[in-house]
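Peer 1:
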Amino acid sequence: MAGVAVSTTINGDNVEYLCQPDETLLDVLRDRLGLTGAKEGCGTGDCGACSIILDDRLVCSCLVLGAEAEGRRVETIEGMAHGDKLHPLQQKFLEHAALQCGICTPGFLIAAKDLLAKNPDPTEEEIRFGLAGNLCRCTGYDKIVRAVQDAASVMKGA
Amino acid sequence: MRYIRPLSMEDAVGQLAGSSGTAAILAGGSDLLVRMKGGFIEPDLIVDIKAIDGLGEIRETAEGFSIGAAVSCALMGESVALNREWPGVVEAAKLIGSKQVQGRCTIVGNLCNASPAADSVPALVAAAARALIIGPGGRRTVPVEAVPTGPGKTSLAKGEIIEAILLDRRAPRSGDAYLRFIPRTEMDIAVVSAGVNLTLDEQGVVKSARVSLGAVAPTVLLVEEAAEALIGRKLDEAALERLAKVCSGACRPIDDKRGTVEFRRKVAGVLARRAATTAYARAGGK
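Quick note, the sequences are listed as chains A and B, same order. Residue numbers for the first sequence follow this note's numbering, beginning at 7 and rising by one. Residue numbers for the second sequence follow this note's numbering, beginning at 42 and rising by one.
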């Protein structure tokens, strides 16, 4: 199989890579670019652990081909903190202990970031529906929802 | 496997028509990539249609709306005009998958995946939506219900692509609605679903109606007898009773782990009734 040459932007940086035509963007991020924050849970778009933002849209990177990223803008969990300064969502996930094993956490953070970008003041119900595409098998979601609520109020005040 | 990203419909059609082996069209990929991952399909050629000019747009035309094949359901949800004129179509499109899937999935993909339980299809059938098809022989337009012919099968010929879904401009006093039953609150596949599209006269009498049912037959059903139960009447209890009875009777469901035949028949009537009530209210009926 011939490789596909891709030129894209990831977390603000220009990135070029070669990938196979059937290779997912998730595999490219993890295996070719060393960006292992996005996780593969199911590989079929059900669990949200591989969530990224592609041209301002929240998507599962397991359901995007690496070749499709050509000329587009990719945001991953690695671009969420500014240096050592955590994003308010990351800070609040820590404070509320909104994680146990951590596998779902990058996906939840990206999905929550996208949610708050579009709806800065969500109700609890809107948060629960907004994060329905992310599965967590440890915490039972309550702490995650509270962390997002708390982050939303911090971000509104900022 | 080859991946190509043509810039014109003509090029895409030519590549598909000239391909040997298995070719797949890629828009949102939320079905295709899952099928590839599961080993159900190994395409020799993937034709990504998202770079084709205009395919990612919802256009308002003199006749109504043209929703391009690469328009994500999330984008449909953000279209004020589409929400105003076809709220039932939009609510159906917005039920597909999660936020993540919404950002990618398309109603053309939903139609061409040809699942009997597809959420957007009953709403499109009720809305009398048409599919604009381009192929080696030129363009043609068909009612959306003519596209799926059975689970996973469509009437599209080799080299044909659905370019857009066309929806008419609304007559005054019109409304549509879509409802589905799932055992969860979110992120599930319809066990039964119903779409209703109504236009009323000035007295609130139903002038025209289309009623569709999903997940109760190999393809989405357009139930003409159900529409007849509503036409010429206000939405009184007798009309709703008759609608529910006809819809239950029209079902040809299977028994499976998601629902029994008996359950699906009953719920089809209940959902049609509730969708009709919502569509009627949206049309301004009291």
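Note that CB positions come from ideal geometry on N, CA and C, so glycine has one too.
(1) In terms of residues, what are the limits of the beta strand (DSSP E) holding V237(B)?
(2) Closest Cβ-Cβ distance between R43(B) and chain A: below 9 Å?
(3) Please report how far the alpha carbon of R100(B) lies from the alpha carbon of I202(B), in whole angstroms.
(4) Give a yes or no on whether the minimum CB-CB distance between N140(A) and chain B is below 9 Å.
(5) Give me the Cα-Cα distance between G40(A) and E84(A), rounded to the nearest whole angstrom.
(6) Apart from the five residues just before and just after N238(B), which ones in its own chain have a Cβ nearer than 6 Å to its Cβ?
(7) Per DSSP, what kind of secondary structure is L271(B) in: helix, strand or coil?
(8) Determine the chain A residues that contact K78(B) at a beta-carbon separation under 7 Å, and present them in chain order.
(9) Within its chain, find whatever has a CB closer than 8 Å to the CB of A322(B); leave out the 5 residues flanking it on each side and keep chain order.
(10) Look at the alpha carbon of L284(B) and the alpha carbon of T318(B), and state the distance between them as a whole number of angstroms.
(11) With distance defined between alpha-carbon atoms, name the residue in V80(A), E76(A) and A55(A) nearest to C68(A).
(12) In whole angstroms, what separates the C-alpha of A68(B) from that of C110(A)?
(13) Three or more C-beta pairs closer than 8 Å, one from the segment 56-64 of chain B and one from the segment 123-141 of chain A: is that the case here?
(14) Out of G95(B), M228(B), A235(B) and G200(B), which has the shortest C-alpha to C-alpha gap to D52(B)?
(15) Helix, strand or coil for C56(A) per DSSP?
(16) For a contact meaning CB atoms closer than 9 Å, what does E132(B) contact in chain A?
(17) Reducing DSSP to helix, strand and coil, say where I148(B) ends up.
(18) If you reduce the DSSP assignment to three classes, tell me which class K91(B) lands in.
(19) Under 8 Å, CB to CB, which of the residues in the segment 67-82 of chain A have a partner in chain B?
(20) Counting pairs of beta carbons, one from the segment 45-60 of chain A and one from the segment 70-80 of chain A, are three or more of them closer than 8 Å?
(21) Going by DSSP in three states, T30(A) sits in which element: helix, strand or coil?
(22) When burial is assigned at 16 or more other CB atoms within 10 Å of the CB, is S289(B) buried or exposed?
(23) Ignoring anything shorter than 3 residues, give me the beta strand (DSSP E) runs that lie fully in the segment 125-204 of chain B, in order along the chain.
(24) As a quick exercise: from G129(B), I206(B) and Q143(B), pick the residue whose alpha carbon is nearest that of E104(B).
(25) Going by CA-CA distance only, name the one from A309(B), V308(B) and P294(B) that's closest to V302(B).
(26) Could you tell me which residues DSSP puts in a beta bridge with V21(A)?
(27) Return the residues of the segment 24-45 of chain A that lie within a Cβ-Cβ distance of less than 9 Å from chain B, sorted by chain order.
(28) Is there a Cβ from chain A that is less than 9 Å from the Cβ of G69(B)?
(29) Could you check how far apart the C-beta atoms of L254(B) and A280(B) are, in whole angstroms? I think they sit under 8 Å.
(30) Can the beta-carbon of I175(B) be found closer than 9 Å to that of V54(B)?
(31) Taking E87(B) as the query, report the chain A residues whose CB atoms sit under 9 Å from its CB, ordered along the chain.
Peer 2: Result, derived from the coordinates:
(1) The count along the second sequence starts at 1 and reaches residue 237(B) at position 196. Per DSSP, V237(B) is one residue of the beta strand (DSSP E) stretching across V233 to L241.
(2) The residue you call residue 43(B) lines up with position 2 of the second sequence. At least one chain A Cβ lies under 9 Å of R43(B).
(3) In the second sequence, residue 100(B) corresponds to position 59, counting from 1. In the second sequence, residue 202(B) corresponds to position 161, counting from 1. A direct Cα-Cα distance of roughly 18 Å separates R100(B) from I202(B).
(4) Reading the first sequence from its first residue, position 134 is the one you call residue 140(A). Taking a beta-carbon distance threshold of 9 Å, N140(A) counts as an interface residue toward chain B.
(5) Here residue 40(A) corresponds to residue number 34 of the first sequence, with the count starting at 1. Here residue 84(A) corresponds to residue number 78 of the first sequence, with the count starting at 1. Going by the C-alpha atoms only, they are around 10 Å apart.
(6) Start at 1 with the first residue of the second sequence, and residue 238(B) comes out as number 197. The residues are A167, A168, D217 and R251.
(7) If you number the second sequence from 1, residue 271(B) lands on position 230. L271(B): helix per DSSP, three-state reduction.
(8) Within the second sequence, numbered from 1, the residue matching residue 78(B) stands at position 37. Neighbours of K78(B) on chain A, chain order: G49 and T50.
(9) Taking the first residue of the second sequence as position 1, residue 322(B) is located at position 281. Excluding positions up to five away in sequence, the list reads G216.
(10) Reading the second sequence from its first residue, position 243 is the one you call residue 284(B). Reading the second sequence from its first residue, position 277 is the one you call residue 318(B). Their backbone Cα atoms lie some 11 Å apart in a straight line.
(11) Counted from its first residue, the first sequence places residue 68(A) at position 62. The shortest C-alpha separation from C68(A) is found at A55(A).
(12) Your numbering for residue 68(B) matches position 27 in the second sequence. Your numbering for residue 110(A) matches position 104 in the first sequence. Their backbone Cα atoms lie some 27 Å apart in a straight line.
(13) no
(14) By one-based count along the second sequence, residue 52(B) stands at place 11. D52(B) has its Cα closest to that of G200(B), out of G95(B), M228(B), A235(B) and G200(B).
(15) Counting from one through the first sequence, the residue named residue 56(A) turns up at place 50. C56(A): coil per DSSP, three-state reduction.
(16) Residue 132(B) sits at position 91 when you count from the first residue of the second sequence. Here the premise fails: no neighbours, minimum Cβ distance about 14 Å.
(17) For the purposes of this step, residue 148(B) is identified with residue 107 of the second sequence, where counting begins at 1. Residue state, collapsed to three classes: helix.
(18) In the second sequence, counting from the first residue as 1, residue 91(B) sits at position 50. Of the three classes helix, strand and coil, the one that applies to K91(B) here is coil, per DSSP.
(19) C68, L69, V70, L71, A73, E74 and E76
(20) These segments touch.
(21) Indexing the first sequence from 1 puts residue 30(A) at position 24. Looking at T30(A) - three-state DSSP - the assignment turns out to be strand.
(22) The residue labelled residue 289(B) in the question sits at position 248 within the second sequence. Result: buried.
(23) 171-176, 179-184 and 189-191
(24) One-based indexing of the second sequence puts residue 104(B) at position 63. Answer by Cα proximity: I206(B).
(25) On the second sequence, residue 302(B) is found 261 positions in, with the first residue counted as 1. Checking every option, the nearest Cα to that of V302(B) belongs to P294(B).
(26) Your numbering for residue 21(A) matches position 15 in the first sequence. Per DSSP, T14(A).
(27) Correct list: Q26, P27, D28 and T30.
(28) On the second sequence, position 28 is the one that residue 69(B) refers to. For G69(B), the answer is yes, since a Cβ of chain A falls inside 9 Å of its Cβ.
(29) Residue mapping note: residue 254(B) aligns to position 213 of the second sequence, counting from 1. Residue mapping note: residue 280(B) aligns to position 239 of the second sequence, counting from 1. Incorrect: roughly 17 Å between the Cβ atoms, too far for contact.
(30) Translated into the one-based positions of the second sequence, residue 175(B) becomes position 134. Translated into the one-based positions of the second sequence, residue 54(B) becomes position 13. In contact: I175(B) and V54(B) (Cβ atoms closer than 9 Å).
(31) Translated into positions along the second sequence, residue 87(B) becomes position 46. In the sequence on display, residue 87(B) carries Ile and not Glu. Simply P27, D28, L71 and A73.
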